[in-house]
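Asker:
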Amino acid sequence: MLGRLRTVVKASSSNSIRNYLGYTSGVQKKTVTVIPGDGIGPEITSSVMGVFQAAKVPIEWEIFDISGGQPISQELIASITRNKVALKGPLYTEILSGSQSRNMELRKALDLYAHVVPCKQIPGITARHDDVLVDFVVIRENTQGEYSGLEQVLTPGVVQSLKIITKEASERIARYAFEYAKANGRKKVTAVHKANIQKQTDGLFLATCTQIAKEYPEIKFENTIIDNCCMQLVKSPEQYDVMVTPNLYGNIVSNIGAALVGGPGLAGGANVGEGSIIFEMGAHHVAADIAGKDKANPTGLLLASVMMLKHLGLNEHATKVENAVKAVIKEGTLTSDIGGKSSTKQFTGAVIDYIEKNQN
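As structure tokens, this is what we get:
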């Protein structure tokens, strides 16, 4: 369940809920905004476009070639608002720069309040835990917390950063997490926090999640402190199902999740708002060191594009692409980051070949 939560809650069909928006569409052509981004972004978005062409996906692209070093244009915001769906590569954010992260700028401009990252092992890839199944979803509050962007220098050598947590935003993300669990057959939601130390901010987040949990007695609710959560993820990841987190903690645990299933190139994700959704890799790594070298792993963005197709109601196309990606991986066509020797183009070509050979 991705986006337009109020529509989803009122939907009468559980199948339509699983299609992420509470509605399904026919096969009429869709228009999707594309942001190739920085680093490996142009290569992996090109991979998705090539695979979609082979799968005969009825989509037209509106492409915006922007970098993390450029301001977000009103034309881009208007395109995403109009199309309601975007596919995005990673955008570079300078460290120690005075400029705001363009990723954060997009989330705020479009009120993309939930970052959803499924972390699931893929057969054919050696993961950190071969004896247990890693299969959990991180749902991260995307607009507040330490990412509020409220920092200032009080005096030379002393800086202040404000962490903002509101009951309204906490209720929205908690309810989203429980609705997601309900719609997708998940049995447990775990709130991740540091309320033992940050008693007001994380205390409010935890109290709000606990209150919302009472509305969903059929779903088990637990809470865990962020540092223990990180240890438990590495030690026994199978204990987690759906995790709901404030902003910073969600960024941390989703990256741990990507590592658990094999690396940052394997997780898809979505930034969800009431009106728009941006689909992208679950771990936002620009990977500038391999950019342009035909070494990038497009799997994460391909899986994000599968989420996008399901959201658009293009379920047959989604299944076609997902099956092809997983079959190619299972057959041993792997990029170097996951122990293989295939280039980006070779991996993409193998996915395209599989689709064309199995086309109805």
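Each residue of the sequence shown is one higher than the one before, starting from -1 at the first, in the working numbering.
Here a beta-carbon is modelled for each residue, glycine too, at the ideal position from N, C-alpha and C.
Look at Met305 and Gly266 and say whether their C-beta atoms are less than 8 Å apart.
Answerer: Result yes, Cβ atoms of Met305 and Gly266 sit closer than 8 Å.
Asker: Measure the alpha-carbon distance for Thr188 versus Leu310 and round it to whole angstroms.
Answerer: C-alpha separation (whole angstroms): 29 Å.
Asker: Just list the alpha helix (DSSP H) runs in the segment 128 to 184, keeping only unbroken ones of 4 residues or longer that don't cross its boundaries, in chain order.
Answerer: Taking only runs of at least 4 residues, the alpha helix (DSSP H) segments lying wholly in the segment 128 to 184 are 165 to 181.
Asker: On the DSSP bridge list, what partners appear for Lys186?
Answerer: Bridge partners of Lys186: Lys218.
Asker: In three-state DSSP terms, what is Ile123?
Answerer: In the structure shown, Ile123 sits in coil (DSSP, three-state: anything other than H, G, I, E or B).
Asker: Tell me, please, which residues DSSP counts as bridged to Ile276.
Answerer: BP columns for Ile276 point to Ala84, Asn269.
Asker: Please name the residue in Gln142, Val240, Gly347, Val115 whose C-alpha comes closest to that of Glu166.
Answerer: That would be Gln142, whose Cα lies nearest to the Cα of Glu166.
Asker: Sort out for me which residues DSSP pairs Met241 with in a bridge.
Answerer: For Met241, which the question treats as bridged, DSSP gives the partners Val136, Thr188.
Asker: Where does Ile70 sit, in a helix, a strand or coil, going by DSSP?
Answerer: Here Ile70 sits in coil by DSSP.
Asker: If you follow the alpha helix (DSSP H) that Val49 is part of, which residue opens it and which one closes it?
Answerer: Start and end: 39 to 52.
Asker: Measure the alpha-carbon distance for Ile276 versus Gln230 and round it to whole angstroms.
Answerer: Rounded to whole angstroms, Ile276 to Gln230 spans 30 Å at the Cα level.
Asker: In chain order, what residues of the same chain lie with their CB nearer than 6 Å to the CB of Arg173, ignoring the 5 residues before and after it?
Answerer: Ile210, listed in sequence order.
Asker: Is Ile57 buried or exposed, if buried means 16 or more other CB atoms sit within 10 Å of its CB?
Answerer: By the 10 Å Cβ count, Ile57 comes out buried.
Asker: Where Glu220 and Val270 are concerned, what is the direct C-alpha to C-alpha distance, given to the nearest angstrom?
Answerer: If I take the Cα positions, the gap works out to 24 Å.
Asker: Of the residues Val130, Cys228, Ala84, Asp287, which one's Cα is nearest the Cα of Ala268?
Answerer: Looking at the Cα atoms, Ala84 is the closest of the given residues.
Asker: Suppose only complete runs of 4+ residues qualify. What are the alpha helix (DSSP H) ranges in the segment 285 to 331, listed by chain order?
Answerer: If we require 4 residues or more, the alpha helix (DSSP H) runs fully inside the segment 285 to 331 come out as 297 to 309, 313 to 328.
Asker: In angstroms with no decimal places, state the Cα-to-Cα distance between Glu272 and Asp63.
Answerer: If I take the Cα positions, the gap works out to 25 Å.
Asker: Between Pro215 and Ala193, what straight-line distance do the alpha-carbon atoms span, to the nearest angstrom?
Answerer: In a straight line, the C-alpha of Pro215 is about 23 Å away from that of Ala193.
Asker: Which whole-angstrom value describes the C-beta separation of Met279 and Pro88, a residue pair presumed to lie in contact below a C-beta threshold of 8 Å?
Answerer: At roughly 7 Å, the Cβ-Cβ gap stays under 8 Å, so Met279 and Pro88 are in contact.
Asker: Is DSSP giving Ala112 helix, strand or coil here?
Answerer: Note: Ala112 maps to strand in three-state DSSP.
Asker: Quick check: is the beta carbon of Gly201 nearer than 8 Å to any beta carbon in chain B?
Answerer: No chain B appears in the structure shown, which is made up of a single protein chain.
Asker: Following the continuous beta strand (DSSP E) through Lys28, name the residue where it begins and the one where it ends.
Answerer: 28 to 33 is the span of the beta strand (DSSP E), which, as asked, contains Lys28.
Asker: Here's the rule: buried if 16 or more other CB atoms are within 10 angstroms of the residue's CB, otherwise exposed. What is Gly20?
Answerer: Residue confidence for Gly20 is low, a pLDDT of 36 falling below 50, so the modelled location carries little weight; the figure read from the coordinates is stated next. By the 10 Å Cβ count, Gly20 comes out buried.
Asker: According to DSSP, Thr333 sits in a beta bridge with which residue or residues?
Answerer: DSSP output for Thr333 lists Ser340 as bridge partner(s).
Asker: Comparing C-alpha positions only, which one of Glu320, Ser340, Lys339 sits nearest to Phe50?
Answerer: Of the listed residues, the one whose Cα sits closest to Phe50 is Glu320.
Asker: For the candidate residues Gly147, Ala322, Gly66, whose alpha-carbon lies nearest to that of His283?
Answerer: Out of Gly147, Ala322, Gly66, Gly66 has the C-alpha closest to the C-alpha of His283.
Asker: Relative to the C-alpha of Asp287, which residue among Thr222, Ala125, Asp335 is closest?
Answerer: Closest by alpha carbon: Asp335.
Asker: Ala9 by DSSP, collapsed to three states: which one?
Answerer: Residue placement at Ala9 is poorly supported in this model, since its pLDDT is 27, which falls under 50; the coordinates still yield a value, given next. Coil, per DSSP.
Asker: Hey, how far is the Cα of Leu301 from the Cα of Lys106?
Answerer: If you take the alpha carbons of Leu301 and Lys106, they lie about 25 Å apart.
Asker: Quick check on DSSP: helix, strand or coil for Ile353?
Answerer: Three-state result, Ile353: helix.
Asker: How should Asn245 be labelled, buried or exposed, when 16 other C-beta atoms within 10 angstroms of its C-beta is the threshold for buried?
Answerer: That one is buried.
Asker: Just to confirm, are Ala112 and Ile137 a CB contact at a threshold of 8 Å?
Answerer: Contact: yes.
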